[in-house]
Structure formats: C-alpha cells, structure tokens
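Written out below as structure tokens is the structure these notes cover.
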Amino acid sequence: MGADQVGVKPNLFNFSLKSLKLKTKQQELLIRVIVLCLIYVLAFITRLFSVLRYESMIHEFDPYFNYRTTVFLTEKGFYEFWNWFDSESWYPLGRIIGGTLYPGLMVTAAFIYWVLRFLRFAVHIREVCVLTAPFFASNTTLVAYFFGKEIWDSGVGLVAAALIAICPGYISRSVAGSFDNEGVAIFALLLTFYLFVKAVNTGSLAWALASAFGYFYMVSAWGGYVFIINLIPLYVLVLLITGRYSMRLYVAYNCMYVLGMLLAMQIRFVGFQHVQSGEHMAAMGVFFLMQVFYFLDWVKHLLSDKQLFQAFLRITVTCAVGVGALAFGVGMASGYISPWTGRFYSLLDPTYAKDHIPIIASVSEHQPTAWSSFMFDFQILLFLFPAGLYFCFKRLSDATIFIVMYGLTSMYFAGVMVRLILVATPAVCLISAIAVSATIKNLTSLIRKESKAHGASAKGTTSAKASKAALDQSLPFQINGAIALLIGAFYLLGRYAIHCTWVTSEAYSSPSIVLAARGPHGGRFIFDDYREAYFWLCQNTPSDAKVMSWWDYGYQITAMGNRTVIVDNNTWNNTHIATVGRAMSSYEDEAYEIMRSLDVDYVLVVFGGVTGYSSDDINKFLWMVRIGGGVFPVIKEPDYLVNGEHRVDKGAAPKMLNCLMYKLCYYRFGELVTEYGKPPGYDRARGFEIGNKDVKLQYLEEAFTTSNWIVRIYKVKQPSNRW
Amino acid sequence: MAKFLFFITFVSLLPLFGSSFSSENPTDRRILVLLDDFAIKSSHSIFFKTLQTRGFELDFKLADDPKLTLQRYGQYLYDGLIIFSPTIERFGGSLDLAAVLDFVDSGHDLIVAADASASDLIRDIATECGVEFDEDPTAVVIDHTSYAVSETEGDHTLIAGDDFIQSDVILGRKIIETPVLFQGVGHTLNPANNLVLKVLSASPSAYSANPKSKLSTPPSLTGSTISLVSVVQARNNARVLISGSLSLFSNRFLRSGVQKAGSSIKFEKSGNELFVTELSKWIFHERGHLKAVNVRHHKVGESDEPAIYRINDDLEYSVEVYEWSGSSWEPYTADDVQVQFYMMSPYVLKTLSTDGKGRYFTTFKVPDVYGVFQFKVEYQRLGYTSLSLSKQIPVRPFKHNEYERFITTAFPYYGASFSTMAGFFIFTMVYLYNK
Chain L
1 MGADQVGVKP
11 NLFNFSLKSL
21 KLKTKQQELL
31 IRVIVLCLIY
41 VLAFITRLFS
51 VLRYESMIHE
61 FDPYFNYRTT
71 VFLTEKGFYE
81 FWNWFDSESW
91 YPLGRIIGGT
101 LYPGLMVTAA
111 FIYWVLRFLR
121 FAVHIREVCV
131 LTAPFFASNT
141 TLVAYFFGKE
151 IWDSGVGLVA
161 AALIAICPGY
171 ISRSVAGSFD
181 NEGVAIFALL
191 LTFYLFVKAV
201 NTGSLAWALA
211 SAFGYFYMVS
221 AWGGYVFIIN
231 LIPLYVLVLL
241 ITGRYSMRLY
251 VAYNCMYVLG
261 MLLAMQIRFV
271 GFQHVQSGEH
281 MAAMGVFFLM
291 QVFYFLDWVK
301 HLLSDKQLFQ
311 AFLRITVTCA
321 VGVGALAFGV
331 GMASGYISPW
341 TGRFYSLLDP
351 TYAKDHIPII
361 ASVSEHQPTA
371 WSSFMFDFQI
381 LLFLFPAGLY
391 FCFKRLSDAT
401 IFIVMYGLTS
411 MYFAGVMVRL
421 ILVATPAVCL
431 ISAIAVSATI
441 KNLTSLIRKE
451 SKAHGASAKG
461 TTSAKASKAA
471 LDQSLPFQIN
481 GAIALLIGAF
491 YLLGRYAIHC
501 TWVTSEAYSS
511 PSIVLAARGP
521 HGGRFIFDDY
531 REAYFWLCQN
541 TPSDAKVMSW
551 WDYGYQITAM
561 GNRTVIVDNN
571 TWNNTHIATV
581 GRAMSSYEDE
591 AYEIMRSLDV
601 DYVLVVFGGV
611 TGYSSDDINK
621 FLWMVRIGGG
631 VFPVIKEPDY
641 LVNGEHRVDK
651 GAAPKMLNCL
661 MYKLCYYRFG
671 ELVTEYGKPP
681 GYDRARGFEI
691 GNKDVKLQYL
701 EEAFTTSNWI
711 VRIYKVKQPS
721 NRW
Chain U
1001 MAKFLFFITF
1011 VSLLPLFGSS
1021 FSSENPTDRR
1031 ILVLLDDFAI
1041 KSSHSIFFKT
1051 LQTRGFELDF
1061 KLADDPKLTL
1071 QRYGQYLYDG
1081 LIIFSPTIER
1091 FGGSLDLAAV
1101 LDFVDSGHDL
1111 IVAADASASD
1121 LIRDIATECG
1131 VEFDEDPTAV
1141 VIDHTSYAVS
1151 ETEGDHTLIA
1161 GDDFIQSDVI
1171 LGRKIIETPV
1181 LFQGVGHTLN
1191 PANNLVLKVL
1201 SASPSAYSAN
1211 PKSKLSTPPS
1221 LTGSTISLVS
1231 VVQARNNARV
1241 LISGSLSLFS
1251 NRFLRSGVQK
1261 AGSSIKFEKS
1271 GNELFVTELS
1281 KWIFHERGHL
1291 KAVNVRHHKV
1301 GESDEPAIYR
1311 INDDLEYSVE
1321 VYEWSGSSWE
1331 PYTADDVQVQ
1341 FYMMSPYVLK
1351 TLSTDGKGRY
1361 FTTFKVPDVY
1371 GVFQFKVEYQ
1381 RLGYTSLSLS
1391 KQIPVRPFKH
1401 NEYERFITTA
1411 FPYYGASFST
1421 MAGFFIFTMV
1431 YLYNK
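Line by line, the protein sequences give chains L and U. Just so it is clear: in the first sequence, position 636 is 636 by the working numbering, and no numbers are missing. Just so it is clear: in the second sequence, position 86 is 1086 by the working numbering, and no numbers are missing.
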C-alpha cells in the first residue's frame, strides 16, 4: 500500500516514506488484522474437504430435515413456515413443524440466501445450506479472538482464534454440508458468553442488552441454550459467594436475564417453558437472590447500627429462602413447574438414560465419551487445558472465573456425552490459548531480556548493571532452555495443525449418506445406495405411500424420497417409535397387523451384510427390541439373545431368526456369495454365516434392493382376496 | 380345422369386448361353461336356458379341451366361469388351479359344482375359496329325517333342504317355500375365512358318510355345520358359488316334485329352479352390487374441497351410492350407511342421511385433534358388495393469527400491562427530573 502511494506522488517521496512508516503499535495492529483474516479464511477452507472429496451435498440425518424446512421457508415465506403442519411425517399424527423446531438455523440460511439473491447472486439454496456451517465457524474465530482479548489479552485472542479454527472437536459438527443447529449455535453460544463477560467487566447496559440478543439467537438456534441459562446463574452465584458481587454484575445479569427471558419466550418451541420448567429455575432463583443482595446492600447503607443489620440480615435471609423454597415446592406440587426432562437427567446422571430412556441411550452420539475421542478431538489441547487453568487461577478476575467455570462444567458434560465435546471445544481452546500465549510470552520475554541485557552491557550503562544482577540470579542455560522450550511449543502446535488437518480430511468429512471404501488395490469405491433407494421411492411409489423404517432414516426419506414416514429423527413420540420397534421385532403375521393399522405401504431396512457396513439395522436391532419392549412388554429382550449375546448365525435365538427385521434383511441373502472362500449367506458386517438362509415372506414382497444391498425396500401386500 | 374354428369363435367374440364386465356395467356377459361331457349340456339345459334368456353368452367347452384358456394377451375372454365337471383331474390347455384362482382374484365370478366323485382339482379350488369338502371320497350327505321321499332311492341321500340363508339380496325377494333337492357331498366352511357364507345348510340330523358301507367310526361331518351350497364374496367383489351337488342344477331336479319326509305336503315342483336362478342372478352381479361415487367434502358454506382442514371446522360430507339392478344404476336407499372420521380409531362416527336419490350426506365438526385423518365408509351388508372408501385429509391446528383477539375475560391482563407501561414511564420521569 505504501508503494502505491509512492508511485502516485513521487515528489513527496521522502515525506511519504516517513509518514507511512508504521509505528510499532500500528504494525502490531496490521499483523493482528492480517492474521485474523488468514484465520478467518483458514477456518472456512479447512471445512471444505467434504465438498472436494464428494460433492456439495447435505450430510447425515438431521441436516436433511433442516434442509427441507429451509427450502420450505424460502419457498413459502416465514408465516407459512411458522405455522407449518407437516402431514408427511409421524403418520398419522403429523407434526407441527413450526412449533417443534429451533428456527434459528433455517432463518439464518434463508436470510443469507435472500441477501445473496438481492445482490444478484443466483445461488441455489442447497449451496447456501452446505456452506452455512463453515461460514459460521469463521465467524466463531472472530468471536473467540474478542473473547480471548477480553479475558486475557489480544495475544490470547489470536491464539484462541487459531486453535478453534482447526479444532477437530468443532470441525466434526461444522464441515461443509453439516447443516445442523450446532453449526450456528456454537457461534451464538460463544457470542453470548463473550458479550456477557464484556457486560460484567464494563457494567454497561448496552453490552448486557447485546448479550440478551445473543442469547435470543442461541435460543432460536439450539436446545443447548439450557447450558447458557444454567451456567450464567451458576457463575453469578459463584461470584456472589466469593464476595465479588458488584453493581456491574447486578446490571449485567438482571438485564441479560429479564430481556433474554422475554426474547426467548418468543420462540414457540420454548415459550412458557422458560419460566415453568425445572431446567430454567436456577436462573430465576439467582435472579431473586440478586434482588435480595441488592436490597441488603441498600439496607446496610441506610443502617448505621451493625447489630441491627445483623439481625435484619438473618430475618431477611431466612424469609427469602423460606419463600423461595415454598414457592418452588408449591410450583412443583401443582405441576406449574415441570420437572426436569429425561435428557437433562441423563446429563447429571450418565446411567439414567440407559435404565429409563432407551431412546436417548440408543443414539451413538449420546454415549459417554471414550478417552480416545478426547485425544482425537483435542490432541495437545488436552494437556494445555490444565496449564491454562493454572494461569487463570494465578490471575483471577471476573472474566477468568467465567472461563474456568465454562471450561470445567463443559468438560464434565463432554465426558458424559460424546456430542457435548462440541460445547467444551471453545472453552478448551480459550483456556489452552491462555496457556500457549502466556508460556510463549514468558519465554520470548526471557529471550528478549537476555539479548537486551547483552546489548545493554556492551554500552555499559548503569541500568544494565541492574538487569545484569537480575540475570545473575536466574538459572544457568536459561536462554537455551527457553529457546528449546519455544521450539518445542512450536513443534507441538505444528503437530496439532497437522493432526487437525488429518482428522478433518479423514474422519469428519464423510457425508455418511454416501459411503466410501478402499478396495484391495487401493482404489476408492463409492456406495451411493441411500440416494439410489430414496430416488427409487420418489419415482416408483404412489405419492401418498407410507414408508415404515427405523427412525434414523425418517428425515432422509421425507427430504429425499418425498414420502410419508411413520417415525423420524425427531423422536417426540416414544410410543409411536415403540410401535415400529415392536413391528420390526415381531413375527411377520403380528407385524402385518401393526403395519395394516398404520396404513404402511412400504418397509425400508438398511442392511450392511454385503458391503460390511456396520451401522445397519441388524446392529441397531437390539435397540428396537428395547424401545419396543419399553412400551409393549410382549417384546422381551432375552428372547432375542443367546446367553446375553446378539447373534445372527445358526446359534441365534429362534425368535431372532424369524422376526420381521431378520427376514427383511436376510431375504434371499442365503443365495448370495459375498466373499470368496466363504459359504453363501456370509454376513460381512458381522462375520457370520447367517442362521436362517431360507427366508420366506408371506405378507411382504421385495420391491427394491439397491446395487450393494445396503437399502432394501419391501411392499406390504394387500390382504388376501378370498380370505 | 381347429385353428379355423378358434378363429371363428374369436372373431365372433370380438364385438363382445365392448360390452364386457366393467365397473360401470357389472353384470357378466360372457361365461365359459366347462363340462365333463356334452351330455350335461342337455341334462342341465333348463339352467343354461335361463342364463341365455337373461342375456348371457355361454361358451360350452369340455374341461379337458386342449385349447382351453381364460385369457389372451392379458385380457380375459370371459367374465364368468361355470365348472360343471366334477370328475376332471386336469384341465386342458393353459387352465389350471392357479389360473382359475387368478380369474377370481381379478374380479370374475365362478360357479363350481362338485359331486360324490369330485376330483382333487375341484376340491382344491373349493379349499382355496374357504370350503372343505369331506375328505372321504365316497362320502355323501345322508339325512334320515329330512330326506326327500322318492320311489327309487332308499338310502336317504336325496335331501330336501330348506334351511336357506336369510337374505333377500342373495336369494331374491320371493321366498323359496318349496324345499330344494340336493344329492351330493357336503362341505364345511373354513373358520379362518370370514368371507364364505352358507346358503343352504343341512338339517341338524344330517351327516356325511358312505351310504353303501356300514358306519364304523363317527362321521367327521355332522349336523347343520354341513353346508350344501356356499357362496364367497371375495374382497374384490368377485363371487363364487360352491355346490356339493351337480344334479342340483339338473333338469331332473328342477322339474321333479318334492315331498319332504314326515310332511304330508307334496309340492308339484321342487324349489331348485327358483333357487338356482336367483342364486345365479346374485353370482353374476345382477343383484346386490353397489357402487359409491362422487365422494365430496367441504367446509359448511363453501363448495370447494380443501386440501387441509383446521381443528373444529364444520364440514359437510356426501357420497352417492347406487345399486345395480341388472340393467341400470338405481339409487340405493338405506338408513345405516355411516361415515367415520378416522385416525387410528374413529373420532367421529355418524350415520348418513339420504335424500332417496342415492345421495348420502352429513355434517359434523372436526375434532379438536390434529393429524392425518381419513373419511372412511365401511359398508358391509350381507349379500351386497362391500363398499370401502377412504379418503385421506390432514387436519391442522390453529395458525398463530387464527386465535381470538381481545377476549373480554383477558381485559384485566391488558389493563395490567398497559398500566405497568404507563407507571414505568411516570417513574422514569419522576426519577430523572425530580431532584
């Protein structure tokens, strides 16, 4: 930029050069902006692996629902979307889409789409949806920068931005195509926290208001907002207990809570839950506690007699606690305050879901986290996290207390559920950034001091003597050690970057709707069976046909096959899902009765026995049995197990060998040789020769099987004509 | 020569394709009659004559005719099939058990008459239609109390049956007063099949055994569980008649007099003619065939059919039901046609009122439940073809702007919010400027 101006005004050469020479502070700003821009771009492009490897498409299961609703929103407008009653899912109950989703993601994507259309960019809505998550990940890096700056300094901000840009824990939910609530919600979560910390630090109403709006956006985007509305009161409570109560806190929390609550209640799915359900009660309790604190402060200010105040304090606290407890008790007893939901319970008690709510426990992303996945998602951050905590404790402030609490609570939740690693990721990145930044700063300052001291001693001034004295006290080889440590730190960070890129490209960029496998000669095989099957459904079945499948595939069938489904990934009605589970685990004739009563025309099963695809319906089958048995006690899990083992071979339980799911998966499979040197009917996913090779279907007939047998569709026959 | 003959028959059949069986004109037109030998054609000529006078084209073929076929190029050549060949072991041509059943399953009618010498093939057809003939091939129905008095036979196998099904639709309005002569094998109905009906049952004293041998074991079929003549109306409204006696249709039985044992009245003529005529009218859809058309529903006060209803909407439902009289569609009148508003279970069940011209209608309020409902008419009456209509319609909840605004009872709340706003404003003013 300097060169340009020089070219334009050659006569001012000398003057310009001098005036354009940036001061150190400006240089630093320029570097910071450039680095941030690079991080911003990096966060976006590192998430594009999936688009390059496969194609620009929506991934997984839930994103298909989000995509379908976004398309509806852009086509029909906001009011139709808000009032949408979907008769194509949960047949015959239907689903009020407008009232049972968090609209933030769809509205955001539609808004971006409309803006682009307004600017005359003829984009397809799918491209917008595919790229929404990377775009918001980029924005998250900016928020992380400002957050880091707020809790420590701008160096931490930069490091935090860089760490979060490529952290696998976050990338897993925000690659291109992963059009899910979390993609937007992590941005909103971090923004809310940042604005709230800013409000607490400044005591400004404006920042508190901004954080209320951030909270509103979060509520509109993801059910994880419950984390915010419990963490912030907890944080406030900790500040109150540790005697850090201040007017700044009072303003920030009250404004954020009251306005945030009113705004959150505008989301239909939340509505009055925000003041009535058990999950939100902590926030309300802390809100009242704040008022009591303020009141006591005021009374203390008025009363000069200390003893009188002590007595007053005792009475007030007793009354306040008593009234609070009474109100809560009455609220609970009258049902005005709803108890905690199962999902919330299962977070506090990880074993709860397994015993009581199989439908929650059956989801793989609700499983407790394994150590390996912590390592996989955080790598060196896992070691830097405690170090960062150490630095935070060393320099306690309102802001660092917040980040410590955020880090510790979210780490606990990340240990309870795999998917909540996502929530912990920003905290881990920020705290690790503190560790990295503080360490590097210390080391570099050591090195610089050393070199400065050398330079100074050469000149032989008096000030050098003082520093020389300081240097003498330090350990020998300190500078060498510092350099070595610095190199080590950069090596670790380099490894982190390599690891993140590798994980992103290998593990987290698979769309899961198209499967890829490596052949024996290293060639890449693509199994596009899902889309093949959905396209077949779309083209070959009557438009009002009802498809029964396990709920995992519901969203995809409605979005891609455009057919009515009995259950889908929304899982709001456990009984309905249990009915499907019961049908799948019953004998064919019993299942036929159930299917007739639900007007089912087609049954879709996913089968991996030919390709070795392991997350198929046979492996999910025990969950169907458990969920079905949870509502219909005629289905008993031991009937399907042999000595507690889930088997499909000759030693399998007789009920297993004759239930509908087994028959549909293995129909005609006994004739097929899947692997050279193995008998026909060898199931590659489980490594067994199947036990019932002669499967006969009486009430269903095979309608379609995809080229790799991954999806099999059966037609339910009409009742016999003469019987 | 055979080819030429076939060509002639084919060409002569061609014009008939236009007037063949259809949903608009359900009465059968072309009937294939399979015979053991052509003697039956003359020995049962009265029955065949009544059919021909009613306008049916009968095509007589030997059951083992090697050219036998029911369909050509995917089109059925006949609308009905009469199998008067109880002894046939294998049909000729392309006809076999599966072909006969396919014929029925594609909506065509069938009359099967067995005999004491009924072959396995005939028994199999009957079994597939839900009727089990006595397994003992020598057994016939014997009745020592309600047999028909006869000079020639003394073993009481000629039965005078008068236990008819109580249905005007199947047997016609004219009550059959004279007993029907029957001689042949008995059968029972498969309890798993709820579509098959006994038209003529044996008396409680009947049993099924070989009249020539001594009864060593108790007979397997006894009493009024024995059915002599049964009908099946399949789900696609194809009708099947199964008779244990071929001679039931014969000229000899149609013309002979009858005197039931123990009764002094001697009828000049048996009831067989009326019985087989009326029954064949039912079998060939000259009677008891209903159709429902013009299913309409709309909101009260509107005329267009909506794609979706809202909860608590008032709607009007109407359907037109006609009965086939043999030559034209007449309005069907009944007071028991009901409509269900159904989602897994009926939420509304209403009897439709009729205007006597075939139109049935009612109005009702959509229940306060949203979901995908169906208008269901399940009209199954004895003898009539079953009407089973279902029409899917979703019901949505209120939209956000469809709730009532400014309810009187909520005025305290409005007052509260506005007074709070005003109070806050005043408070702010006082607080800021009153120092």
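For each residue, glycine too, the CB sits at the ideal point set by N, CA and C.
- Item | Endpoints, the alpha helix (DSSP H) within which Q367 (chain L) is located | It is not in any alpha helix (DSSP H) - Q367 (chain L) carries neither H nor E in the DSSP assignment.
- Can you give the beta carbon distance from W1282 (chain U) to I1170 (chain U), rounded, assuming they're within the 8 angstroms contact cut? 5 angstroms
- Taking Cβ-Cβ distances below 7 angstroms as the criterion, which residues of the segment 75-100 of chain L are in contact with chain U? Under the 7 angstroms Cβ criterion, the segment 75-100 of chain L contributes W82, N83, F85, S87, Y91, P92, L93, G94 and I96.
- Query: For the alpha helix (DSSP H) that contains W1329 (chain U), what are its first and last residues?
  - Reply: Segment W1329 to P1331 is the beta strand (DSSP E) holding W1329 (chain U); no alpha helix (DSSP H) there.
- Message: Within 8 angstroms of any Cβ in chain L, is that where the Cβ of Y1370 (chain U) sits?
- Response: yes
- Query: Does A703 (chain L) get closer than 8 angstroms to chain U when you measure Cβ to Cβ?
  - Reply: no
- Sort L:V292, L:V416, L:L486 and L:A424 by Cα distance to R448 (chain L) and report the nearest one. L:L486
- Query: Which residues of chain U have a Cβ atom closer than 7 angstroms to the Cβ of R68 (chain L), listed in chain order?
  - Reply: Within 7 angstroms Cβ-Cβ: nothing; R68 (chain L) doesn't reach chain U, min ~17 angstroms.
- Item | Segment contact flag, the segment 528-537 of chain L with the segment 575-589 of chain L, C-beta cutoff 8 angstroms, min 3 pairs | no
- Query: Once you ignore the five residues that flank P1066 (chain U) on each side, which residues in its own chain have a CB closer than 6 angstroms to its CB?
  - Reply: Excluding sequence positions up to five before and after P1066 (chain U), its CB lies within less than 6 angstroms of the CB of G1092 and G1093, all in the same chain and listed in chain order.
- Message: Residues of chain L with CB closer than 8 angstroms to the CB of L1195 (chain U), please, in chain order.
- Response: R722 and W723
- Task: Give me the Cβ distance between V1293 (chain U) and E1320 (chain U), rounded to the nearest whole Å; I'm assuming they're in contact under 8 angstroms.
- Result: The C-beta separation of V1293 (chain U) from E1320 (chain U) comes to about 5 angstroms, placing the pair in contact by the 8 angstroms criterion.
- Runs of beta strand (DSSP E) lying entirely within the segment 240-304 of chain L, each at least 3 residues, in chain order: none
- Cβ pair S89 (chain L), G522 (chain L) closer than 8 angstroms: no
- Item | Unbroken alpha helix (DSSP H) run spanning Y217 (chain L), endpoints | L205 to A221
- Take A221 (chain L) and list the residues in its own chain whose beta-carbon comes closer than 8 angstroms to its own, dropping the five residues that flank it on each side. Only Y102, G104, L105, T108, N181, V184, A185 and A188 meet the Cβ criterion.
- Is the distance from the Cβ of V1185 (chain U) to the Cβ of S1230 (chain U) below 8 angstroms? Result no, Cβ atoms of V1185 (chain U) and S1230 (chain U) do not sit closer than 8 angstroms.
- By the 10 Å Cβ neighbour count, where 16 or more other Cβ atoms means buried, how is F669 (chain L) classified, buried or exposed? Looking at its Cβ environment, which holds 16 or more other Cβ atoms inside 10 Å, F669 (chain L) is buried.
- Check the Cβ-Cβ distances between S597 (chain L) and every residue of chain U, and say whether any is below 8 angstroms. yes
- State the beta-bridge partners of F1267 (chain U) as determined by DSSP. U:V1258
- Query: Would you say Y1309 (chain U) and V1372 (chain U) are within 8 angstroms of each other, going by their C-beta atoms?
  - Reply: no
- Item | Minimum Cβ-Cβ distance from A1416 (chain U) to chain L less than 8 angstroms | no
- Task: Out of L:F344, L:D398 and L:A333, point me to the one whose CA is closest to V200 (chain L)'s CA.
- Result: When only C-alpha atoms are compared, the closest one is L:D398.
- Kindly list, in the order they appear in chain U, the residues whose Cβ is closer than 9 angstroms to that of P719 (chain L). Within chain U, the residues near P719 (chain L) are R1235.
- Starting from K715 (chain L) and walking both ways along the beta strand (DSSP E), at which residues does that stretch end? V711 to V716
- Query: Comparing the CB of R244 (chain L) with every heavy atom of the ligand SAH, is any distance shorter than 7 angstroms?
  - Reply: Here there are no bound small molecules, and the ligand SAH is not part of this structure.
- For chain A, find out if any of its Cβ atoms is closer than 8 angstroms to the Cβ of D568 (chain L); answer yes or no. No chain A appears in this structure, whose protein chains are L and U.
- Message: Here's a check: name, in chain order, each residue in its chain whose Cβ is nearer than 8 angstroms to the Cβ of H1108 (chain U), leaving out the five neighbours to either side.
- Response: For H1108 (chain U), the CB contacts under 8 angstroms within the same chain, skipping 5 residues up- and downstream, are F1021, D1028, Y1076, Y1078, D1079, G1080, L1081 and A1238 in chain order.
- Query: Quick one, which residues of the segment 539-573 of chain L are near chain U if we go by CB-CB under 9 angstroms, in chain order?
  - Reply: D544 and T564
- Item | G177 (chain L) vs P511 (chain L) beta-carbon contact at 8 angstroms | yes
- Just the Cα atoms here: how many angstroms apart are R1054 (chain U) and L1110 (chain U)? Answer to the nearest angstrom: the Cα atoms are 17 angstroms apart.
- Query: Does K1376 (chain U) come within less than 8 angstroms of chain L when only Cβ atoms are used?
  - Reply: no
- Kindly list, in the order they appear in chain L, the residues whose Cβ is closer than 7 angstroms to that of H1400 (chain U). W82 and N83
- Item | P1394 (chain U) at chain L interface by Cβ criterion, 8 angstroms | With 8 angstroms as the cut-off, P1394 (chain U) counts as an interface residue toward chain L.
- Using a Cβ-Cβ distance under 8 angstroms, would D1105 (chain U) count as near chain L? yes
- For the candidate residues L:K149, L:F118, L:I151 and L:V565, whose alpha-carbon lies nearest to that of L598 (chain L)? Answer by Cα proximity: L:V565.
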